[in-house]
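**Q** Residue numbers 17 to 440, in the numbering used here, belong to the letters of the sequence shown in order. The beta-carbon is built from N, C-alpha and C at its ideal position, and this holds for glycine as well. Could you have a look at this structure, given as structure tokens, before my questions?
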Amino acid sequence: MSPYVRAHRGKTFVIAFSGDALLESANHQLMSDVVLLQSLGVRVTLVHGARPQIEQRLSEAGIKTPFKDSARITNVFAMEHVKQAVGSARLTIESCLSKNISNFSLQIPAAGVIGGNFVVAKPKGVIDGVDYLHTGEIRRIDSSGIQRQLDNNAIVLLSPIGFSPTGESFNLSYQDVATEAAIALEADKLIFVGKKNGISLDGIVQNSFSLIALKALLSETNLLSSNDTKLLTCAYRACKKKVARVHLIGFSEDGALLSELFTRDGIGTLVSQDYSETLRAASIDDVSEILNLISPLEKQGKLAKRSRELLETEISYFFVADHPDGFLLGCAALYPMGIESSRELACVVTHPDFQDMGIASRLLALIEQQAADQGVLQLFVLTTQATHWFQEKGFIETTFNELPEDRKLLYNYQRNSKILKKLL
Ligand SMILES: CC(C)(COP(=O)(O)OP(=O)(O)OC[C@H]1O[C@@H](n2cnc3c(N)ncnc32)[C@H](O)[C@@H]1OP(=O)(O)O)[C@@H](O)C(=O)NCCC(=O)NCCS
Numbered sequence: 017m018s019p020y021v022r023a024h025r026g027k028t029f030v031i032a033f034s035g036d037a038l039l040e041s042a043n044h045q046l047m048s049d050v051v052l053l054q055s056l057g058v059r060v061t062l063v064h065g066a067r068p069q070i071e072q073r074l075s076e077a078g079i080k081t082p083f084k085d086s087a088r089i090t091n092v093f094a095m096e097h098v099k100q101a102v103g104s105a106r107l108t109i110e111s112c113l114s115k116n117i118s119n120f121s122l123q124i125p126a127a128g129v130i131g132g133n134f135v136v137a138k139p140k141g142v143i144d145g146v147d148y149l150h151t152g153e154i155r156r157i158d159s160s161g162i163q164r165q166l167d168n169n170a171i172v173l174l175s176p177i178g179f180s181p182t183g184e185s186f187n188l189s190y191q192d193v194a195t196e197a198a199i200a201l202e203a204d205k206l207i208f209v210g211k212k213n214g215i216s217l218d219g220i221v222q223n224s225f226s227l228i229a230l231k232a233l234l235s236e237t238n239l240l241s242s243n244d245t246k247l248l249t250c251a252y253r254a255c256k257k258k259v260a261r262v263h264l265i266g267f268s269e270d271g272a273l274l275s276e277l278f279t280r281d282g283i284g285t286l287v288s289q290d291y292s293e294t295l296r297a298a299s300i301d302d303v304s305e306i307l308n309l310i311s312p313l314e315k316q317g318k319l320a321k322r323s324r325e326l327l328e329t330e331i332s333y334f335f336v337a338d339h340p341d342g343f344l345l346g347c348a349a350l351y352p353m354g355i356e357s358s359r360e361l362a363c364v365v366t367h368p369d370f371q372d373m374g375i376a377s378r379l380l381a382l383i384e385q386q387a388a389d390q391g392v393l394q395l396f397v398l399t400t401q402a403t404h405w406f407q408e409k410g411f412i413e414t415t416f417n418e419l420p421e422d423r424k425l426l427y428n429y430q431r432n433s434k435i436l437k438k439l440l
């Protein structure tokens, strides 16, 4: 879990949950997970829906409201019930969050739950001759107002009602509020928590969509329910507008939010710009993370021990692979040897959660390319437990006598590493 805890600290997440989530008492767990995230240093903005609560109030009052393109046409009478339903839902959330904030012994205590007039709305207007009345659209999100509260460690709670500068209230879709908030806040993640877990096609929950795949899917209108179309359209818009990742998860699974955020594959559907790790030369800022990556392997005898001081002086020999969320997936080093035409490959490591995805192979290919560009003719590697991995990459076992003289002097007989060589 630890690389994610570090990676998520200081990041901005917008978490949106449907009104159904509030009806389930088990979803007080969801609130507790939200408070836990905040305590780990995540900047959390919550957005809630209230459709079932609104339905219930309207039906009790005997008011019928037509829908057009999945949006309710909210007349002035219905709007009063919308306000009551949203207000009541909001109080439930606030009380639940308050309970959790006081129950936790928090690393970073939350400065409470903050609401306010952060969402500026305008009427949807008349479309194809139909007046949407008090159903509105988002005109602007007061992102600097929200950021100030997040800076102060507050959890910001946004409701699906917005106000116009003239003081009128408008009924909004919570998915739109969440999407526009995520865009305005330049959020790192937008997370939709709904009744269903992720998006299923042919009964199978889809692990992820790239933007290209999502665009193609959205153009095939008959494959998706109207709710899934709405969520995916929001996800597409958010990603296009530079929100790095959008997660779609269900609330019924215990700990769904934490499983999605703290495990490699997650449980729901992820929409992101195409995934790819970044390979780059390491910098001094990477030393701590490299140490975290290699110390367990040093204890297992897979790598030779390196102190922080040594790593700091040798950091310019290292290359790293970054996860799109910003933490290190792997590293490898290319050390000079006494002979200009020879280099030593060392410390090739991939984070255990991300092995067998080709990361070390791609790091090796980058290093070999760089070495060849610099006129290096042969690469050596000394390894205790990865001989076969290097052999599959074209290295062949060789003898101690083949090592350049300066490297012979440093050979650790206790480790008894195998020596392999590759001609470039
Ligand atoms: C060796 C290591 C760097 C490979 O990282 P990786 O990113 O998983 O590698 P890739 O995805 O490019 O390759 C995975 C393949 O190598 C195989 N492999 C992994 N470790 C291996 C080993 N020690 N010996 C033989 N094969 C190995 C995997 O089974 C997989 O095979 P497959 O493609 O047939 O399923 C990683 O296992 C590691 O960090 N090991 C511990 C550190 C170490 O020993 N480093 C070498 C000393 S310098």
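Can you give the Cα-Cα distance for Val98 and Leu273, rounded to whole angstroms?
**A** Their backbone Cα atoms lie some 28 Å apart in a straight line.
**Q** Could you name each continuous beta strand (DSSP E) segment of 3 residues or more that falls completely within the segment 38-68, going from the start of the chain to the end?
**A** 59-64
**Q** Is the beta carbon of Gln371 within less than 6 Å of some heavy atom of ligand 1?
**A** Yes - ligand 1 has a heavy atom lying nearer than 6 Å to the Cβ of Gln371.
**Q** From the DSSP output, in three-state form, read off Phe411 for me.
**A** The three-state reading of DSSP puts Phe411 in coil, since its state is none of H, G, I, E or B.
**Q** Could you check where the alpha helix (DSSP H) with Tyr190 kicks off and where it finishes?
**A** 190-200
**Q** If you compare alpha carbons, which of Glu413, Glu40, Arg25 is closest to Lys211?
**A** Glu40
**Q** Identify, in the order they occur along the chain, each residue of the same chain with its Cβ nearer than 6 Å to the Cβ of Glu305, setting aside the five sequence neighbours on each side.
**A** Leu344
**Q** Sorry if obvious, but does the Cβ on Ala441 come closer than 6 Å to a heavy atom of ligand 1?
**A** The structure shown does not extend to residue 441, since the chain is modelled only from 17 to 440, so the question has no answer here.
**Q** Please work out which residues of its chain come closer than 7 Å, Cβ to Cβ, to Ala297, disregarding the five sequence neighbours upstream and downstream, and give them in chain order.
**A** Phe335
**Q** Give the secondary structure of Asp165 by DSSP, where H, G and I count as helix, E and B as strand, and everything else as coil.
**A** The sequence given here has Gln at residue 165, not Asp. DSSP places Gln165 in helix when its eight states are reduced to three.
**Q** If we ignore side chains and look at the alpha-carbon of each, how far apart do Thr294 and Ala66 end up?
**A** So the two alpha carbons sit approximately 41 Å from each other.
**Q** Apart from the five residues just before and just after Thr285, which ones in its own chain have a Cβ nearer than 6 Å to its Cβ?
**A** Excluding its 5 nearest sequence neighbours in each direction, Thr285 has C-beta neighbours in its own chain below 6 Å: Gly214, Ile215, Gln222, Leu264, listed in chain order.
**Q** What I want to know is whether the C-beta of Ala32 ends up closer than 6 Å to one or more non-hydrogen atoms of ligand 1.
**A** Answer for Ala32: no, Cβ out of range of ligand 1.
**Q** Applying the 10 Å Cβ sphere with the 16-neighbour rule, what's the burial state of Ala203?
**A** buried
**Q** Between Ser377 and ligand 1, is there a pair consisting of the residue's CB and a ligand heavy atom that are separated by less than 6 Å?
**A** yes
**Q** What's the gap between the Cα of Val129 and the Cα of Val172?
**A** One C-alpha to the other measures close to 6 Å.
**Q** According to the Cβ coordinates, are Leu395 and Arg359 closer than 7 Å?
**A** For Leu395 and Arg359, yes; Cβs fall inside 7 Å.
**Q** Go to Phe278, then tell me how far its alpha helix (DSSP H) extends in each direction, as first and last residue.
**A** Run containing Phe278: 272-278, per the alpha helix (DSSP H) assignment.
**Q** Below 7 Å CB to CB, which residues in the same chain sit around Gly152 once its five sequence neighbours on both sides are set aside?
**A** Answer for Gly152: Ala137, Lys138, Pro139, Lys140, Gly178, Phe186, Asn187, Leu188, listed in chain order.
**Q** In angstroms, rounded to a whole number, what distance separates the CA positions of Thr329 and Leu419?
**A** 23 Å
**Q** Three-state secondary structure (DSSP) at Ile79?
**A** coil
**Q** Taking 6 Å as the cut-off, does the CB of Gly374 come closer than this to any heavy atom belonging to ligand 1?
**A** yes
**Q** Check Ser242 in the structure and name its three-state DSSP category.
**A** Ser242 carries a helical assignment under DSSP once its states are collapsed to helix, strand and coil.
**Q** Return yes when the C-beta of Leu295 is under 6 Å from any heavy atom of ligand 1, and no when it is not.
**A** Outside the cutoff, so no.
**Q** Would you kindly check if the distance between the Cβ of Val60 and the Cβ of Leu52 is under 7 Å?
**A** no
**Q** Taking 7 Å as the threshold (C-beta atoms), are Gln289 and Leu227 in contact?
**A** yes
**Q** If you measure from the CB of Val98, is any heavy atom of ligand 1 nearer than 6 Å?
**A** The closest heavy atom of ligand 1 lies 6 Å or more from the beta carbon of Val98.
**Q** Got a sec? Which residues, its chain only, sit under 8 Å from Val365 by beta carbon, not counting five neighbours each side?
**A** So the list reads Leu309, Ile310, Leu313, Leu319, Gly346, Cys347, Ala348, Ala376, once near-sequence residues are dropped.
**Q** Grouping DSSP H, G and I as helix and E and B as strand, with all else coil, what is Ile89?
**A** coil
**Q** Could you work out which residue in Leu350, Thr399, Ala402 is closest to Ala388 when comparing CA atoms only?
**A** Leu350
**Q** Just verifying my parser: in three-state terms, what is the DSSP assignment at Ser315?
**A** Note that residue 315 is Lys in the sequence shown here, rather than Ser. In the structure shown, Lys315 sits in a helix (DSSP, three-state: H, G or I).
**Q** For a test of the three-state rule: what should DSSP assign to His404, helix, strand or coil?
**A** helix
**Q** Using the C-alpha atoms, what's the distance from Asp372 back to Phe83?
**A** When only Cα atoms are considered, Phe83 and Asp372 end up about 49 Å apart.
**Q** Mind pulling the alpha helix (DSSP H) runs of 4 or more residues that sit fully within the segment 209-262?
**A** Within the segment 209-262, the complete alpha helix (DSSP H) segments at least 4 residues long are 227-235, 242-256, listed from N- to C-terminus.
**Q** Applying the 10 Å Cβ sphere with the 16-neighbour rule, what's the burial state of Pro19?
**A** buried
**Q** Beta-carbon within less than 6 Å of Tyr252's beta-carbon, same chain only, minus the 5 sequence neighbours each way: which residues are those?
**A** Leu230
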